[in-house]
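Going left to right, the sequence shown walks through residues 1 to 123 as UniProt numbering numbers them.
C-beta: ideal position from N, C-alpha, C; glycine also.
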Amino acid sequence: MDSLNPSEGAEARVALVTLDRLPNGGFAEVEAVIDGDAESLVLYRDGDSVRAWLNICPHAGRRLDWAPGQFLKSREGLLVCAAHGASFQLADGVCVAGPCRGEALRPVPVDVRDGAVWLAAAT
Ligand code: FES
Numbered sequence: 001m002d003s004l005n006p007s008e009g010a011e012a013r014v015a016l017v018t019l020d021r022l023p024n025g026g027f028a029e030v031e032a033v034i035d036g037d038a039e040s041l042v043l044y045r046d047g048d049s050v051r052a053w054l055n056i057c058p059h060a061g062r063r064l065d066w067a068p069g070q071f072l073k074s075r076e077g078l079l080v081c082a083a084h085g086a087s088f089q090l091a092d093g094v095c096v097a098g099p100c101r102g103e104a105l106r107p108v109p110v111d112v113r114d115g116a117v118w119l120a121a122a123t
């Protein structure tokens with residue numbers, strides 16, 4: 001079995017995080033190389049599926065977390081940017097309240113397999 005083997009070199013073959021470190025309904029922050037650049041990502045787990053976005057708020061380009069890996073979730077179940085309170089739907093990353101209403105987080109395709117989250121193969 002060669003999963004979790006980063007020596008293969010391809011970005012898509014490096015596990016971002018194991019599922020046991022990402023509780024259902026919770027967030028994680030990970031670093032990944034996207035298009036050749038090191039980026040911070042926010043991961044959100046919803047049961048057996050995981051969604052990922054760049055950890056960059058469309059309002060002013062700040063990180064969404066108030067400390068590395070510490071994300072705010074509103075009572076309504078929205079991801080809230082720690083900088084100025086923009087609130088994003090977890091289903092699609094669209095901002096529904098705050099200073100960048102109508103804009104959206106940039107999604108990053110990921111797969112869940114072998115108990116871990118992986119960057120999806122480039123298309
Ligand atoms: S940078 Fe996120 S709300 Fe301003």
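- Answer yes or no: does any C-beta atom of chain D fall closer than 7 angstroms to that of C95? The structure shown contains no chain D, having only a single protein chain.
- Give the straight-line distance between the Cα atoms of G9 and C81, rounded to the nearest whole angstrom. The residue you call residue 9 lines up with position 9 of the sequence shown. The residue you call residue 81 lines up with position 81 of the sequence shown. In this prediction, G9 has a pLDDT of 48, which is less than 50 and means its spatial position is unreliable; what the coordinates show is noted afterwards. The straight-line gap from Cα to Cα measures roughly 33 angstroms.
- For D111, name the three-state secondary structure that DSSP assigns. Here the question's residue 111 lines up with position 111 in the sequence shown. It is a strand residue.
- For G47, does the count of other Cβ atoms within 10 angstroms reach 16, so buried, or fall short, so exposed? Here residue 47 is taken as the residue at index 47 of the sequence shown, counted from 1. When all chains shown are included, G47 counts as exposed.
- Run through DSSP, which three-state label would R62 get? In the sequence shown, counting from the first residue as 1, residue 62 sits at position 62. R62 falls in the coil class under three-state DSSP.
- Message: Please enumerate, following chain order, all residues with a beta carbon closer than 6 angstroms to at least one heavy atom belonging to the ligand FES.
- Response: Chain-ordered list of matching residues: C57, H59, A60, R62, C81, A83, H84, G85, A86, G98 and P99.
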